[in-house]
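Asker: Chains as they are written, first to last, in this note's numbering: chain A, 367 to 677; chain B, 29 to 479.
(1) Residues in the region 470–488 of chain A with C-beta within 7 Å of chain B's C-beta atoms, listed in sequence order?
(2) Could you compute how far the alpha carbon of residue 602(A) sits from the alpha carbon of residue 511(A)?
(3) Assign residue 385(A) to one of two classes, buried (16 or more other C-beta atoms within 10 Å of its C-beta) or exposed (fewer than that).
(4) Compute the distance between the beta-carbons of residue 119(B) and residue 306(B), then report whether it is under 9 Å.
(5) Report the residues of the region 587–608 of chain A with a CB closer than 8 Å to any CB of chain B, ordered along the chain.
(6) Pick from 434(B), 171(B) and 437(B): whose alpha carbon is nearest that of residue 78(B)?
(7) Assuming residue 254(B) and residue 351(B) form a contact by the criterion Cβ under 8 Å, report the distance between their Cβ atoms to the nearest whole angstrom.
(8) Any beta carbon from chain B within less than 9 Å of residue 448(A)'s own beta carbon?
(9) Taking just the CA atoms, how far does residue 178(B) sit from residue 53(B)?
(10) Going along chain A in order, which residues have a C-beta closer than 7 Å to the C-beta of residue 143(B)?
(11) Please state whether the Cβ-Cβ distance between residue 247(B) and residue 234(B) is less than 9 Å.
(12) Locate the beta strand (DSSP E) running through residue 415(B), then write down its first and last residues.
(13) Comparing C-alpha positions only, which one of 288(B), 304(B), 102(B) and 422(B) sits nearest to residue 215(B)?
(14) For the region 535–606 of chain A, which segments carrying the alpha helix (DSSP H) assignment without a break, of at least 4 residues, lie completely within its bounds, in sequence order?
(15) Judging by CA-CA distance, which residue of 434(B), 458(B), 459(B) and 448(B) is the nearest neighbour of residue 475(B)?
(16) Using the rule of at least 16 other Cβ atoms within 10 Å of the residue's Cβ for burial, across every protein chain shown, is residue 497(A) buried or exposed?
(17) So with CB distances below 9 Å, who are the chain A contacts of residue 148(B)?
(18) What are the residues in the region 50–62 of chain B lying within 8 Å of chain A by C-beta distance?
(19) Distance cutoff 9 Å, beta carbons only. Does residue 138(B) sit that close to anything in chain A?
(20) If we ignore side chains and look at the alpha-carbon of each, how far apart do residue 477(A) and residue 630(A) end up?
(21) Mind checking residue 381(B): buried by the 16 CB within 10 Å criterion, or exposed?
(22) Anything in chain A within Cβ reach of residue 234(B), meaning under 8 Å, just list it in chain order.
(23) When DSSP labels each residue in this structure, what does residue 357(B) get in the three-state scheme?
(24) For residue 190(B) and residue 364(B), which I take to be in contact (beta-carbon distance under 8 Å), what is that distance rounded to the nearest angstrom?
(25) Following the continuous alpha helix (DSSP H) through residue 637(A), name the residue where it begins and the one where it ends.
(26) Would you check if the distance between the CB atom of residue 346(B) and the CB atom of residue 290(B) is smaller than 9 Å?
(27) So, does the CB of residue 461(A) fall closer than 9 Å to a CB anywhere in chain B?
(28) Answer yes or no: does any C-beta atom of chain B fall closer than 9 Å to that of residue 382(A)?
(29) Out of 474(A), 433(A), 389(A) and 421(A), which has the shortest C-alpha to C-alpha gap to residue 396(A)?
(30) What did DSSP end up calling residue 299(B) once you bin it into helix, strand or coil?
(31) Within the 9 Å Cβ cut-off, does residue 452(A) reach chain B?
(32) Spell out whether any CB of chain A is found under 9 Å from the CB atom of residue 45(B).
(33) At a CB-CB cut-off below 8 Å, which residues of chain A make contact with residue 310(B)?
(34) Tell me which same chain residues have a C-beta within less than 6 Å of the C-beta of residue 258(B), skipping the five on either side of it?
(35) What is the rounded straight-line gap between the Cα of residue 219(B) and the Cα of residue 412(B)?
(36) Along chain B, in chain order, which residues have C-beta atoms closer than 9 Å to that of residue 468(A)?
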């Protein structure tokens, strides 16, 4: 099983009436990898996650989970867990009660409940009713419910929704350790920075079709030009140095930099940036910040999906 | 702490969660709801308190069948609660439990989670149906036990006067009361199944919750209308009324058995429709908000067809016709009740005992004068009861105004002579009480034939 992909789809198509949600989707998720799924609203992300969770079957095409073809709804091999459209939790039960009820439903002992709650940082509120939980706490409890099953494939729809930065880091650590332990993770998110820092590979969907699928590094080839913010110890000296670098363009300040008089906006490929940094250092100008205005994944998302608003 | 993050063993095909686990899960969820807990508490405590308080009031709920006997025996209190429950409480309770059992998952967005965990919509349906049934039975049993205990503690377990005026021994009364509650479970099941159907069909819409209650109101309105008897007894709520037949001699078992069978058929058909509708549902559609127009084809039309078939079968297999209420039935029922109650009055007035055979009671009834046919419900029935006065050889007469309702119940109101059926107090084993011949309830068998 070790070499079998956790998820393998070929030509998956799924429609709801006249609406084509997925149109010929091919997807491969190797074991032990975190795979991100991005796309504009209505791109088919939740539909695809629902198929992988076994909530429905494709109209056409093939879906294999750990090498087993999924030919009817809910007929999945063991080890698949997760949620779409938010975790399913019962507000009248406590956090521990929710997990205990689920464990009983599955016929397991529920021995790892305290451990799962500790993993997601909810030990302190384990005996509080879920009714009073914030969205972020519910997301973490949903993750705890999935952890309880010791999943081999974890499917998460927007797991970072409602999480504060500390909560996000907490969840990222859990997911990274799961992946290191051999669990494959398929997650969707609108937060490009999260996906960029977490995922081995991403798939970008637009109107039900895959417009990109592969490692993050392939999203922004070194020769592609991107816009960067450059903050230095001497703005005028930096401007002079930058003007001498071949292949680099200084851009007019836009509204994003209207309140930042110390920053230059430049467009260049990575080798050109390397040259710029070397020249600045040689000229005795300290580089305090050099960062893309838009993250590569987000730039690719906007470019490939043809959207200006990621919502 | 890291055990949960270790690589799990190779996955294998996993069977659906057992129904027993699903049932327990649903019970935990239901009993964790404050609404259900409060209703359970109310059903197990409320009737006892109400019966205990009402039984000791001077003014008894005589408009409810058996209400006028609440001060005389504890069994009457339970039957008053049963009457009220059949009209309101049981349909409302099925609304709260069965009407919400599927819709609650839509409301809190847990369907997908539940499906992924259980992996069998069939088992989810079975677990939900069984758990809601369990809670509904717990509520109904609570109403029965609480009302019986309240009545027995507050008043005692004396004999109960039936709807034919005959005093039922405490043991007979106890058995009849328990059977009456048991009979009421059948239509309760029908309403519960309608609740399941509404809950499945209407998704998160609050209308799903109201379906059994709305249906109960419609059926109650229907029972007030002058419907043909074949239609009346074919309604799924008929057994909520027909249990009264257990309190006459001979028992009116025909209408009761028919009502129970019809209720159980409705329960089965509605549950099956809900099951089929549930299995056909697409859970990948997050915007699901009920089956919309398909409800008409998949739920309403089959149930209307069931009602039509039932009416046809009842009309074709019973001898009943018209309203089921005619002069002969009323005369027989009134004379029988008067004879039994006359004996009771004789005993309470400490006169020598007589038997019904000696009294040879008969009645002559007329509805609304000579211009009105002597059939059907109405408060314009006027009856003259005659009997042989014991030890004298003369014939006594007494006049009653009868208010007959379309379901076959009537209230006989004494209209003289004052010393026979006027209002005066008599001494009973449980204190003073109104003259039993002054006002009393009776019931006619709508399905019996007088031809």
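Think of the CB as a built atom: it goes at the ideal place given N, C-alpha and C, for glycine as much as any other residue.
Answerer: Judging by the given coordinates:
(1) Answer set for the region 470–488 of chain A: 470, 471, 472, 473, 478, 481, 482, 484 and 485.
(2) As a first step, residue 602(A) is located in the first chain; it is residue number 236 there, counting from the start. As a first step, residue 511(A) is located in the first chain; it is residue number 145 there, counting from the start. Using only the alpha carbons, I get a separation of about 56 Å.
(3) Here residue 385(A) is taken as the residue at index 19 of the first chain, counted from 1. Residue 385(A) should be labelled exposed.
(4) By one-based count along the second chain, residue 119(B) stands at place 91. By one-based count along the second chain, residue 306(B) stands at place 278. It is not a contact, given that the beta carbons lie outside the stated cut-off.
(5) From the region 587–608 of chain A, no residue has a Cβ closer than 8 Å to chain B.
(6) Locating residue 78(B) in the second chain gives position 50, where the first residue counts as 1. Out of 434(B), 171(B) and 437(B), 171(B) has the C-alpha closest to the C-alpha of residue 78(B).
(7) By 1-based counting over the second chain, the position of residue 254(B) is 226. By 1-based counting over the second chain, the position of residue 351(B) is 323. About 6 Å separates the two Cβ atoms, so the contact holds.
(8) Within the first chain, residue 448(A) is the residue found at index 82, counting from 1. The beta carbon of residue 448(A) sits closer than 9 Å to some beta carbon of chain B.
(9) The residue labelled residue 53(B) in the question sits at position 25 within the second chain. The residue labelled residue 178(B) in the question sits at position 150 within the second chain. Answer to the nearest angstrom: the Cα atoms are 34 Å apart.
(10) Looking up residue 143(B) in the second chain gives position 115. Taking a Cβ-Cβ cut-off of 7 Å, the neighbours of residue 143(B) in chain A comprise 421 and 440, given in sequence order.
(11) Indexing the second chain from 1 puts residue 247(B) at position 219. Indexing the second chain from 1 puts residue 234(B) at position 206. Here residue 247(B) is not near residue 234(B), since their CB atoms are 9 Å or more apart.
(12) Here residue 415(B) corresponds to residue number 387 of the second chain, with the count starting at 1. If you look at residue 415(B), you'll find it in the beta strand (DSSP E) that goes 406–416.
(13) Taking the first residue of the second chain as position 1, residue 215(B) is located at position 187. The shortest C-alpha separation from residue 215(B) is found at 288(B).
(14) 558–564, all fully within the region 535–606 of chain A.
(15) In the second chain, the residue the question calls residue 475(B) occupies position 447. The closest CA to that of residue 475(B), considering only 434(B), 458(B), 459(B) and 448(B), is found on 434(B).
(16) Looking up residue 497(A) in the first chain gives position 131. Exposed is the label assigned to residue 497(A), since fewer than 16 other Cβ atoms lie within 10 Å of its Cβ.
(17) The count along the second chain starts at 1 and reaches residue 148(B) at position 120. Residues of chain A passing the Cβ test: 440.
(18) Within the region 50–62 of chain B, contact with chain A at the beta-carbon level (separation under 8 Å) is assigned to 50, 52, 53, 56, 57, 60, 61 and 62.
(19) To locate residue 138(B), count along the second chain from 1; it is residue 110. Yes, contact with chain A.
(20) Against the first chain, residue 477(A) aligns to sequence position 111. Against the first chain, residue 630(A) aligns to sequence position 264. The alpha-carbon atoms of residue 477(A) and residue 630(A) are separated by roughly 57 Å.
(21) Start at 1 with the first residue of the second chain, and residue 381(B) comes out as number 353. By the neighbour-count criterion, in which 16 or more other beta carbons inside 10 Å mark a residue as buried, residue 381(B) falls on the exposed side.
(22) Your numbering for residue 234(B) matches position 206 in the second chain. Listed by position along chain A, the residues whose Cβ is nearer than 8 Å to that of residue 234(B) form an empty set, because the closest Cβ is around 17 Å away.
(23) The residue given as residue 357(B) occupies position 329 in the second chain. The three-state secondary structure of residue 357(B), taken from DSSP, is helix.
(24) Position 162 of the second chain, counted from the start, is the residue given in the question as residue 190(B). Position 336 of the second chain, counted from the start, is the residue given in the question as residue 364(B). About 10 Å separates the two Cβ atoms, so there is no contact after all.
(25) Position 271 of the first chain holds residue 637(A). Looking at the DSSP string, the run of the alpha helix (DSSP H) that includes residue 637(A) is 636–648.
(26) For the purposes of this step, residue 346(B) is taken as the residue at position 318 of the second chain. For the purposes of this step, residue 290(B) is taken as the residue at position 262 of the second chain. Taking 9 Å as the cut-off, the Cβ atoms of residue 346(B) and residue 290(B) do not count as close.
(27) In the first chain, the residue the question calls residue 461(A) occupies position 95. Residue-level contact by beta carbon fails for residue 461(A) and chain B, as no gap is shorter than 9 Å.
(28) Locating residue 382(A) in the first chain gives position 16, counting from the first residue. Closer than 9 Å: yes.
(29) What you label residue 396(A) is simply residue 30 of the first chain in a count that begins at 1. Nearest C-alpha to residue 396(A): 433(A).
(30) For this step, residue 299(B) is matched to residue 271 along the second chain. In the structure shown, the three-state DSSP call for residue 299(B) is helix.
(31) Residue 452(A) sits at position 86 when you count from the first residue of the first chain. Chain B, which has a Cβ nearer than 9 Å to the Cβ of residue 452(A), makes this yes.
(32) By one-based count along the second chain, residue 45(B) stands at place 17. Yes, its Cβ sits closer than 9 Å to a Cβ of chain A.
(33) Position 282 of the second chain holds residue 310(B). Within chain A, the residues whose beta carbon sits less than 8 Å from that of residue 310(B) are 382 and 422, listed in sequence order.
(34) As a working note, residue 258(B) is residue 230 in the second chain. Shown here for residue 258(B): same chain residues with a beta carbon closer than 6 Å to its own, the five before and five after excluded, namely 339, 342 and 343 in chain order.
(35) Numbered from 1 along the second chain, position 191 holds the residue referred to as residue 219(B). Numbered from 1 along the second chain, position 384 holds the residue referred to as residue 412(B). Rounded to the nearest angstrom, the two C-alpha atoms are 42 Å apart.
(36) Counting from 1 along the first chain, the entry for residue 468(A) is found at position 102. What residue 468(A) touches in chain B: 53, 141 and 145.
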